[in-house]
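The sequence shown begins at 0 in numbering that gives the first Met the number 0 and counts up by one.
Think of the CB as a built atom: it goes at the ideal place given N, C-alpha and C, for glycine as much as any other residue.
Model, not experiment: these values are computed from the prediction.
Single-structure report; data block below.
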Amino acid sequence: MKVLILGGDGYLGWPTALYFSGRGHQVTVVDNYFRRNASMELDCEPLLPTPNLVQRAGIWGEATGRRIEVFIGDITNYEFLLSVFRRSEPETVIHYAEQPSAPYSMINRDKAAFTVQNNLISTLNIVYAVKEIVPDCHIIKLGTMGEYGTPNIDIEEGWIEIAYNGRKDKFLFPRQAGSLYHTTKIQDTDLLWFYIRTWGLRATDLMQGPVYGIFTDETRTDDRLTPNFHYDEVFGTVLNRFIVQALAGYPLTVYGRGGQTRGYLNLMDTMQCVYLAATKPAGQGELRIFNQVTEVFSVNELAEKVQAVGSKLGYDVKIDNIENPRKEEEEHYYNPKYTGLIELGLKPHYLTDDVLEDMFRAVEKYKDNINVNAIFKGIKWVR
Ligand SMILES: NC(=O)c1ccc[n+]([C@@H]2O[C@H](COP(=O)([O-])OP(=O)(O)OC[C@H]3O[C@@H](n4cnc5c(N)ncnc54)[C@H](O)[C@@H]3O)[C@@H](O)[C@H]2O)c1
0 MKVLILGGDG YLGWPTALYF SGRGHQVTVV DNYFRRNASM ELDCEPLLPT PNLVQRAGIW
60 GEATGRRIEV FIGDITNYEF LLSVFRRSEP ETVIHYAEQP SAPYSMINRD KAAFTVQNNL
120 ISTLNIVYAV KEIVPDCHII KLGTMGEYGT PNIDIEEGWI EIAYNGRKDK FLFPRQAGSL
180 YHTTKIQDTD LLWFYIRTWG LRATDLMQGP VYGIFTDETR TDDRLTPNFH YDEVFGTVLN
240 RFIVQALAGY PLTVYGRGGQ TRGYLNLMDT MQCVYLAATK PAGQGELRIF NQVTEVFSVN
300 ELAEKVQAVG SKLGYDVKID NIENPRKEEE EHYYNPKYTG LIELGLKPHY LTDDVLEDMF
360 RAVEKYKDNI NVNAIFKGIK WVR
């Protein structure tokens with residue numbers, strides 16, 4: 000399969016490139032280093048220094064004999080994106096190339112405007128490039144469970160049938176996000192759905208929960224292939240952050256009462272889910288939606304798990320219920336469905352003590368790199 004991975008330098012994009020390349024597919028990656036530059040600007044760089052994308056593709060090529068083609072550029076530039084589509088003629092395009100941080104989108108107006116512009120124009124450009132160059136190409140876009148928010152009803156996988164005044168119809172599940180970033184993901188889904196209805200394209204939208212983990216089978220072989228592992232408030236996801244906080248002797252930053260409940264998954268399962276979506280694609284004219292999570296935890300439960308495993312390893316892990324910088328429910332009903340990817344063949348890696356211990360051990364090696372100033376900045380939703 001010819002696969003084009005947009006955002007191929009990222010936490011998810013890079014290991015995805017290796018996952019597909021390792022299975023014999025022809026992989027092209029694109030990135031504009033937004034994430035690298037933004038983390039430098041905000042003094043929150045990843046735990047391990049990562050060689051640039053061209054260098055990493057070279058390291059992978061030397062180790063495996065497999066070539067990953069790299070383009071450095073901004074996909075909101077339509078001419079650039081078109082040239083990449085013409086060169087790579089993808090059968091599958093995987094869209095990771097967005098501003099992925101809720102706190103980043105809430106820093107100020109400029110960062111909010113950037114998030115809207117970057118995330119919506121990138122999706123729009125992909126839709127146009129597919130229509131113009133490869134209309135059969137399957138678009139796989141990363142959405143987020145955050146699109147649904149925390150409704151007081153069960154969360155379906157993307158769609159809901161509503162019976163009203165004696166008539167029935169099927170609609171996108173109601174969505175009400177808790178940050179500007181998550182709101183752009185809702186708008187992304189709406190953009191895709193509009194063009195699928197209008198032009199008959201095909202897409203899978205993966206409503207993913209927060210991902211944790213450092214390694215995949217392909218990245219474990221060489222530290223220089225490790226994805227950008229963030230532990231800071233801006234780009235780090237909660238479990239990755241807690242592991243680093245525990246190792247740094249920094250009390251785990253539970254926001255408010257800590258009853259915030261979400262669906263999570265291991266980085267290795269992101270690989271599986273995206274691969275399953277690519278190899279078992281949506282039909283022409285279909286917007287297929289999966290909820291991409293494997294387990295549901297509250298923040299308190301995650302903190303307690305990290306504390307328990309940390310203590311076993313000899314660390315004195317404290318938990319601090321700090322004032323919540325976000326505006327969100329701290330205790331709420333949460334019951335998402337997530338059976339679609341299992342039915343497609345997903346074999347989940349669950350969050351066991353062994354998995355947590357493995358993460359502790361991996362981070363321990365780089366403990367000296369931890370920048371405590373990056374851990375908590377207190378970016379407020381309401382000022
Ligand atoms: N990591 C998670 O836990 C998680 C959870 C749910 C959804 N997602 C979604 O998955 C996708 C990837 O997330 P991630 O964690 O890998 O983020 P990331 O920031 O590590 O990766 C995104 C990559 O896209 C690049 N990029 C951004 N805008 C670009 C542009 N205009 N042109 C070219 N490249 C651009 C960035 O430089 C970065 O390398 C995002 O859409 C995010 O919303 C991530």
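Within its own chain, the residues whose Cβ lies closer than 6 Å to the Cβ of Gly309, once the five positions on either side in sequence are excluded, are Ala245, Val316, listed in chain order. Residue environment analysis places Tyr263 among the buried positions, since at least 16 neighbouring C-beta atoms fall within 10 angstroms of its C-beta.
Counting along the chain, the unbroken beta strand (DSSP E) around Arg166 starts and ends at 166 to 171. Taking all protein chains in view, the Cβ of Tyr18 is crowded by 16 or more other Cβ atoms within 10 Å, so the residue is classified as buried.
In the three-state DSSP reduction, Met0 falls in the coil class, being neither helix nor strand.
Nearest C-alpha to Lys279 among Leu80, Tyr163, Glu342, Thr182: Glu342. For ligand 1, no non-hydrogen atom lies closer than 7 Å to the CB of Asn290. Remark: C-beta atoms of Gly258 and Glu330 approach each other more closely than 8 Å. A direct Cα-to-Cα measurement between Phe193 and Lys336 gives close to 24 Å. Under the Cβ criterion (8 Å, minimum of three pairs), the stretch 94 to 108 does not count as touching the stretch 287 to 301.
Counting every other CB atom within 10 Å of its CB across the protein chains shown gives Phe234 a total of 16 or more, marking it as buried. By the Cβ rule, the stretch 140 to 158 does not count as touching the stretch 35 to 47, because fewer than three pairs are nearer than 8 Å. Gly208 and Gly142 have their alpha carbons spaced roughly 9 Å apart. If you look at Ile242, you'll find it in the alpha helix (DSSP H) that goes 237 to 247.
The beta carbon of Thr269 lies closer than 6 Å to those of Leu11, Val210 in the same chain, with the five residues before and after it left out. When secondary structure is reduced to three states using DSSP, Arg22 falls in the coil class, being assigned neither helix nor strand. Glu88 is a Cβ neighbour of Lys1, given a cutoff of 8 Å.
In terms of CA proximity to Ile138, Arg287 leads the group Arg287, Leu301, Glu322, His348.
Straight-line spacing of the CA atoms in Glu61 and Arg55 works out to 10 Å.
Taking C-beta separations shorter than 6 Å and ignoring five residues to either side along the sequence, the partners of Phe70 in its chain run Val29, Val83, following chain order. Residue pairing for Trp158: DSSP places it in a beta bridge opposite Leu171. Boundaries of the beta strand (DSSP E) around Thr143: 137 to 143. Residues of the same chain with a CB within less than 8 Å of the CB of Tyr127, apart from the 5 flanking positions on each side, are Tyr77 in chain order.
Not one heavy atom of ligand 1 is found less than 7 Å from the C-beta of Phe172. Placement of the Cβ of Asn227 at a distance of less than 7 Å from at least one heavy atom of ligand 1 is found.
DSSP places Met206 inside the beta strand (DSSP E), whose first and last residues are 201 to 207. The beta-carbon separation of Cys272 and Leu345, rounded to 6 Å, stays under the 8 Å limit for a contact.
Listed as beta-bridge partners of Pro335 by DSSP are Ile154.
Here Tyr103 is near Tyr180, since their CB atoms are less than 8 Å apart. Each residue's CA atom was taken as its position, placing Leu350 and Asn239 some 12 Å apart. Assignment of Gly57 by DSSP, reduced to helix, strand and coil, places it in the helix class. In the DSSP assignment, Thr149 falls outside any alpha helix (DSSP H), carrying neither H nor E.
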